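For reference, the structure discussed in these notes is given below.
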Amino acid sequence: MGNYPDNLLYTKDHEWLRVDGERATVGITYFAQSELGDIVYVELPRVGDRLSQQEPLGSVESVKTVSEVFMPVSGLIEEINEKLADSPELVNDDPYGDGWMIVIKIDNPSELDALMSVVEYEDLLSEGKEH
Amino acid sequence: MTELKRTPLNEIHRSLGGKMVDFAGWDMPVQYEGTMQEHIAVRTKVGLFDVSHMGEIELKGRDALALVQKVTCNDASKLQDNQIQYSGLMTENGAFVDDLLVHRFSDEHFFLCVNASNSDKDFDYIKSQVDSFDVEVINSSNDYFQIALQGKLSEEILQSLTDADLSKVKYYWMTKGSVVGVPSIITRTGYTGEDGFEIYGAPDEAVKVWNAVLEAGRPKGMVPTGLAARNTLRLEAKMMLYGNDIDETTTALEADLGWIVKLAKGDFIGRAVLAKQKEEGVSRKIVGFEVLDRAPVRDGYPVIVDGVEYGKVTSGSPSPYLKKNIGLAYLPFEKAKVGQEFAVCVRGREVAARVVETPFYKRSKI
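Quick mapping for you: the protein sequence lines, in order, are chains A and B.
The first sequence lines up with residues 4 to 134 when you count with our numbering.
The second sequence lines up with residues 2 to 367 when you count with our numbering.
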């Protein structure tokens with residue numbers, strides 16, 4: 004496939020998380036951006052905000068729809084991808100690279116246990132296709 | 002849950018990769034490859050739409066014209082045979098039972114194209130107004146497929162498939178003709194702000210006509226186009242969407258549709274209220290606006306005027322062609338002026354918006 008890197012963790016809401024020590028980078032998956040289509044606007048939290056697991060961190064908008072993005076785990080927002088203000092299409096073009104959204108400092112590493120591996124996430128996607 | 006209705010082209014949409022959604026009880030393609038590219042294809046070349054969900058009501062008989070005149074606000078007596086007009090099916094309050102296209106075949110045969118979600122309501126309403134008129138009201142909604150070619154290449158593509166001389170069919174006129182051998186009504190109308198044609202024919206022939214048009218159009222850049230692009234195209238052209246921008250609570254004058262209100266034609270349902278509003282002025286009016294922020298505004302977002310909520314955005318979207326965030330909303334009459342600023346509430350944050358000239362997009366006429 005290649006659309007789902009195996010070094011990431013995934014959520015059922017189609018966010019990904021790349022853990023690096025006590026920090027993690029967060030974005031939306033290939034599947035999420037392709038379902039949305041051309042992304043025209045990305046709303047992100049402010050640096051310094053502290054958000055809980057499952058809380059909306061922002062939203063991603065295509066021409067036809069608005070989709071919320073949720074915190075994969077609780078944490079402090081340390082960085083946001085400023086480039087998305089001018090170039091929201093980066094989320095389509097490179098969802099795991101230049102289309103990243105935020106960097107967080109993880110509050111509680113045990114919350115990572117609730118996230119999915121790439122195998123589990125791909126299973127979730129293929130289940131969806133059977134319906 | 003009741004089963005969704007399907008147009009005769011349902012299987013085709015699925016085979017073309019259409020993403021199907023429930024639209025007014027119909028299983029319809031919201032997009033195929035992508036809303037943005039479909040929208041741009043229609044603005045720059047041509048797109049093909051299945052609009053078979055639309056309703057058709059026919060009035061036949063000596064008093065067909067009289068009944069049209071009674072229930073609609075535009076003046077259908079001005080129509081010649083094969084001419085078409087945009088009009089409103091009016092409530093007693095001068096508001097919209099529906100908006101519609103009135104097609105005249107003859108003074109004893111009118112063909113009304115109405116919104117899918119309203120076709121049964123419209124039919125019952127029109128029938129209830131027959132009284133002593135000598136006219137038969139027929140709900141023909143299941144007797145026609147309807148597809149639309151929209152965009153500047155529509156004429157050359159359709160001309161290659163029909164014996165009708167399309168160069169003789171002006172905007173808002175129609176002709177009968179054969180399209181790849183299928184007897185059709187061909188109208189020069191649409192809901193995109195572009196030149197284009199709509200084709201009505203027998204449902205059994207829908208697949209044949211659709212495939213022939215798409216095959217002839219593909220080499221010229223035609224793409225199948227879904228309902229999401231249909232909505233953004235009509236919004237850029239400031240064409241009203243029933244249920245959003247107009248309904249049974251908004252009068253034709255509040256909706257800035259004074260050009261379809263012909264008080265001089267004589268009495269019609271809703272005339273008294275509209276005449277009074279014309280005399281005294283309306284208290285609110287629909288406007289087109291641009292958002293002065295990167296955040297798009299959407300249908301239903303609260304409108305804030307002088308710090309107080311004043312209704313909702315009736316239609317709001319990013320504009321794929323103009324690359325701005327645009328929308329429609331009702332404002333108090335004294336604020337409904339180009340340049341006026343107000344606010345829209347986007348997920349708890351107030352963003353500024355400014356009233357602009359409409360339509361947002363107008364095609365250049367050749």
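All residues carry an ideal CB built from backbone N, CA and C; glycine is no exception.
Quick caveat, the model's predicted, so the values are computed rather than measured.
8 Å Cβ cutoff met for residue i and residue j
i, j, result
"B:F361", "B:R285", "no"
"B:W211", "B:I148", "yes"
"B:S142", "B:E57", "yes"
"A:V94", "A:E64", "no"
"B:S318", "B:T233", "yes"
"B:P321", "B:M37", "yes"
"B:A77", "B:L66", "yes"
"B:F50", "B:R231", "yes"
"A:G131", "A:I107", "no"
"A:I80", "A:P48", "yes"
Of the residues the options, the one placed nearest residue i, counting alpha carbons only
i, options, result
"B:V429", "B:E249, B:Q278 and B:D248", "Lying outside 2 to 367, the shown extent of chain B, residue 429 of chain B is not represented and no answer is given."
"B:L264", "B:K46, B:V72, B:T8 and B:K20", "B:V72"
"B:E137", "B:I127, B:D307 and B:D144", "B:I127"
"B:A96", "B:R295, B:G349, B:P303 and B:R272", "B:R272"
"B:V306", "B:V298, B:T193 and B:A353", "B:A353"
"B:I1", "B:D132, B:S133, B:D123 and B:L154", "In this structure chain B extends from 2 to 367, so residue 1 of chain B is not present and cannot be described."
"B:G289", "B:E281, B:G301, B:E237 and B:L323", "B:E237"
"B:Q130", "B:E93, B:F146, B:E310 and B:Y145", "B:E93"
"A:P91", "A:R26, A:E46 and A:V22", "A:E46"
"B:S53", "B:L323, B:V183 and B:Y145", "B:Y145"
"B:D82", "B:K221, B:F112 and B:Q341", "B:F112"
"B:P303", "B:A42, B:L258, B:A296 and B:C346", "B:C346"
"B:G218", "B:K46, B:R350, B:H40 and B:I41", "B:K46"
"B:K239", "B:T359, B:G267 and B:L323", "B:T359"
"B:A330", "B:R364, B:R295 and B:L242", "B:L242"
"B:A1", "B:E310, B:E206, B:A165 and B:K221", "Examination of residue 1 of chain B is not possible in this model, given that chain B is present from 2 through 367 alone."
"B:A337", "B:R350, B:L323, B:E351 and B:Y311", "B:Y311"
Inter-residue spacing [alpha-carbon to alpha-carbon] between residue i and residue j
i, j, result
"A:E18", "A:Q57", "11 Å"
"A:E71", "B:D135", "57 Å"
"A:L11", "A:V69", "25 Å"
"B:R7", "B:G35", "22 Å"
"B:D196", "B:V339", "27 Å"
"B:G62", "B:E255", "34 Å"
"B:R355", "B:L293", "7 Å"
"B:T315", "B:Q84", "31 Å"
"B:V274", "B:L332", "20 Å"
"B:N119", "B:V98", "8 Å"
"B:K79", "B:F106", "13 Å"
"A:T14", "A:Q36", "14 Å"
"B:T250", "B:F269", "18 Å"
"B:E109", "B:R189", "22 Å"
"A:H134", "B:K20", "Since pLDDT at A:H134 reaches only 46, below the 50 mark, its modelled position is unreliable, and the value read off the structure follows with that caveat. So the alpha carbons of these two residues sit roughly 14 Å apart."
"B:A117", "B:E156", "26 Å"
"A:F34", "B:K209", "35 Å"
"A:V50", "A:I83", "7 Å"
"B:R348", "B:N326", "16 Å"
"B:G244", "A:M104", "36 Å"
"A:E38", "A:L115", "25 Å"
"B:Y173", "B:I187", "11 Å"
"A:E123", "A:S129", "10 Å"
"B:D246", "B:L162", "37 Å"
"B:T193", "B:A229", "12 Å"
"B:L154", "B:I200", "16 Å"
"B:V180", "B:A25", "29 Å"
"B:P30", "B:E280", "44 Å"
"A:S62", "B:K169", "50 Å"
"B:S185", "B:L10", "17 Å"
"B:D266", "A:L60", "Per the sequence presented here, residue 266 of chain B reads as Lys, with Asp not at that position. So the two alpha carbons sit approximately 58 Å from each other."
"A:R26", "A:N6", "23 Å"
"A:M4", "A:E125", "Residue placement at A:M4 is poorly supported in this model, since its pLDDT is 46, which falls under 50; the coordinates still yield a value, given next. For A:M4 and A:E125, the distance between alpha carbons rounds to 10 Å."
"B:R44", "B:Y33", "17 Å"
Residues sharing a beta bridge with residue i, DSSP
i, result
"B:H54", "For B:H54, which the question treats as bridged, DSSP gives no partner whatsoever."
"B:C114", "B:E57 and B:L102"
"B:C74", "According to DSSP, B:C74 bridges with nothing at all."
"B:R350", "B:V347"
"A:P59", "A:F73"
"B:W27", "B:K6 and B:F24"
"B:M91", "B:F97"
"B:L49", "B:L150 and B:P225"
"B:N140", "B:I58"
"B:G202", "B:F146"
"A:Y13", "A:W19 and A:M119"
"B:W174", "B:Q84"
Contact belief for residue i with residue j at Cβ below 8 Å, rounded distance in angstroms
i, j, result
"B:G48", "B:Q151", "5 Å"
"A:P98", "A:I31", "6 Å"
"B:V357", "B:G328", "Going by Cβ atoms, the distance from B:V357 to B:G328 rounds to 10 Å, so no, they are not a contact pair."
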